[in-house]
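The numbers in the working numbering rise by one with no breaks, and the one at position 187 of the sequence shown is 187. From the three backbone atoms N, C-alpha and C, an ideal C-beta is built for every residue, glycine too. Below is one structure, written out as structure tokens, with a few remarks after it.
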Amino acid sequence: MKINKQTTWIIIAMILGVIVGYGCNVLSGSPAAANDIAGYFAMVTDIFLRLIKMIIAPLIFTTLVAGMAGMGDARTVGRIGGKALGWFLTASLASLAIGLVFANLFQPGANVDVPLPDVSASADLKTSSLNLKDFITHVFPRNIFEAMANNEILQILVFSVFFGLALGSLKDTKARALIEVIEGAVPVMLKVTDYVMRFAPVGVFAAVANVVTVQGLGILMVYGKFVGSFYATLVVLWAVLIGAGFLVLGTSVFRLVREVRQPMLVGFSTASSEAAYPRVMEKLEDFGVKERVIGFVLPLGYSFNLDGSMIYTAFAALFISQAYGLPLTMEQQIVMLLVLMVSSKGIAGVPRSALVVVAAVLPMFNLPEAGVLLIMGIDHFLDMGRTATNVLGNAIATTVVAKWENALDIPDEAEERTREGLVAAE
Numbered sequence: 001m002k003i004n005k006q007t008t009w010i011i012i013a014m015i016l017g018v019i020v021g022y023g024c025n026v027l028s029g030s031p032a033a034a035n036d037i038a039g040y041f042a043m044v045t046d047i048f049l050r051l052i053k054m055i056i057a058p059l060i061f062t063t064l065v066a067g068m069a070g071m072g073d074a075r076t077v078g079r080i081g082g083k084a085l086g087w088f089l090t091a092s093l094a095s096l097a098i099g100l101v102f103a104n105l106f107q108p109g110a111n112v113d114v115p116l117p118d119v120s121a122s123a124d125l126k127t128s129s130l131n132l133k134d135f136i137t138h139v140f141p142r143n144i145f146e147a148m149a150n151n152e153i154l155q156i157l158v159f160s161v162f163f164g165l166a167l168g169s170l171k172d173t174k175a176r177a178l179i180e181v182i183e184g185a186v187p188v189m190l191k192v193t194d195y196v197m198r199f200a201p202v203g204v205f206a207a208v209a210n211v212v213t214v215q216g217l218g219i220l221m222v223y224g225k226f227v228g229s230f231y232a233t234l235v236v237l238w239a240v241l242i243g244a245g246f247l248v249l250g251t252s253v254f255r256l257v258r259e260v261r262q263p264m265l266v267g268f269s270t271a272s273s274e275a276a277y278p279r280v281m282e283k284l285e286d287f288g289v290k291e292r293v294i295g296f297v298l299p300l301g302y303s304f305n306l307d308g309s310m311i312y313t314a315f316a317a318l319f320i321s322q323a324y325g326l327p328l329t330m331e332q333q334i335v336m337l338l339v340l341m342v343s344s345k346g347i348a349g350v351p352r353s354a355l356v357v358v359a360a361v362l363p364m365f366n367l368p369e370a371g372v373l374l375i376m377g378i379d380h381f382l383d384m385g386r387t388a389t390n391v392l393g394n395a396i397a398t399t400v401v402a403k404w405e406n407a408l409d410i411p412d413e414a415e416e417r418t419r420e421g422l423v424a425a426e
């Protein structure tokens, strides 16, 4: 298995980010100085993420419209959407259940050796935005340009579906010419994506250095049991997701995991699903998934199929319960699973969305919302793992739906080796 040069540079950037960040943390002398230094790293990271956000809206629009125009009718869209949502629902329930089971098994909050925040303290998270009715309304755009400016993925998806179906239903030459223009724009956007992703190692270095400069590495020692048990639980979820993919894709699922290792690494190091999105699209195309399925299922999954975030909400809620010595009965935990399942679908696009869900659900079970303060300091290191898991889950989901739709043409081993050799040489 060859690792291309960019993946190698991303790994090196992560290591250098830890070293430089730790050095800045030790030598800064005070938290204020550390924050000042970290601000420069944050600036570089922000520039990289801005470049990523710059391409997401046109990338989704062009790929989805091109795909919709080729689907033919709304029934095809409904069939693909139904299969995707069925997978998303099952994966979300499995993720939540695994989180609850292993939080009970590992007991990460028992005898936690940190001061507990006062139960009256505020976590300062906008839980009021956690409203399923408002979310459903928000899915439908008032203005497509506003939606694109704000990178509202679901709103862009809804408009693109209508636009693509309307365009595909018109049979005149003008409509055909417009379809050809949009189809021609897809490779252009992918080339722009390639240019932006060449800066990924720099963005990764800055993101890691920023966090380590401010937090240091000592916080990992304090929360070692929590962090270690959470990542062990993620490994179990990965095994379940890959196993489910194996049932549909066979041994090809292992080639898929190898294919998406780079976007997973980008997601892990930046803790940003958006940063990984363009590269996931490219890698799924390389794997043989048809563009029409990628363009529809992948953005849908970014709102409804966040397996890593699901497992984290369950795990974090029980951690807080254990830390405060307020155990939940099995019946309460089952109810919590269902509440988390519904609540999590209303927070797409909300900053620190997993923490928002946890903070909103805790009071329903007589647990202090202030418990979220226990994990806010360590959240970035946990977000890295759940973001990589979200990337893996959506890659598998999209490929499985493509398989069900006969829209998957996996290249043979010889073709893949040739392509990997060309990519590694770049």
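Those residues which DSSP pairs with residue i across a bridge
i           : result
residue 408 : 289
Collapsed DSSP secondary structure at residue i in the structure displayed
i           : result
residue 219 : helix
residue 390 : helix
residue 324 : coil
residue 363 : helix
residue 162 : helix
residue 142 : coil
residue 306 : coil
residue 282 : helix
residue 258 : helix
residue 107 : coil
residue 152 : coil
residue 174 : helix
residue 201 : helix
residue 229 : helix
residue 368 : coil
CB contact flag (residue i, residue j, <8 Å)
i           : j           : result
residue 342 : residue 358 : no
residue 396 : residue 164 : no
residue 290 : residue 263 : no
residue 313 : residue 186 : no
residue 212 : residue 385 : no
residue 143 : residue 298 : no
residue 189 : residue 58  : yes
residue 85  : residue 340 : no
residue 270 : residue 99  : no
residue 157 : residue 300 : yes
residue 24  : residue 13  : no
Inter-residue spacing [alpha-carbon to alpha-carbon] between residue i and residue j
i           : j           : result
residue 333 : residue 38  : 40 Å
residue 256 : residue 183 : 26 Å
residue 90  : residue 36  : 45 Å
residue 83  : residue 240 : 19 Å
residue 145 : residue 159 : 10 Å
residue 251 : residue 400 : 13 Å
residue 77  : residue 238 : 29 Å
residue 44  : residue 202 : 8 Å
residue 428 : residue 193 : The structure shown does not extend to residue 428, since the chain is modelled only from 1 to 426, so the question has no answer here.
residue 381 : residue 220 : 8 Å
residue 117 : residue 272 : 28 Å
residue 311 : residue 329 : 19 Å
residue 302 : residue 176 : 30 Å
residue 47  : residue 15  : 21 Å
residue 150 : residue 230 : 32 Å
residue 139 : residue 148 : 13 Å
residue 288 : residue 31  : 49 Å
residue 475 : residue 108 : No statement about residue 475 is possible, as the shown extent of the chain runs from 1 to 426 and does not include it.
residue 81  : residue 406 : 15 Å
residue 49  : residue 275 : 6 Å
residue 428 : residue 378 : This structure cannot speak to residue 428, because the chain is shown only from 1 to 426.
residue 110 : residue 360 : 22 Å
residue 75  : residue 68  : 11 Å
residue 105 : residue 21  : 34 Å
residue 94  : residue 222 : 29 Å
residue 204 : residue 174 : 44 Å
residue 387 : residue 295 : 20 Å
residue 331 : residue 353 : 26 Å
Buried versus exposed, by CB contacts within 10 Å (16 or more), residue i
i           : result
residue 366 : exposed
residue 168 : buried
residue 304 : buried
residue 267 : buried
residue 5   : exposed
residue 324 : buried
residue 27  : exposed
residue 364 : exposed
residue 292 : buried
residue 403 : buried
residue 195 : exposed
residue 247 : exposed
residue 166 : exposed
residue 152 : buried
residue 254 : exposed
Any non-hydrogen atom of the ligand HEM within 7 Å of residue i CB
i          : result
residue 83 : As for the ligand HEM, it is missing from this structure, which has no ligand bound.
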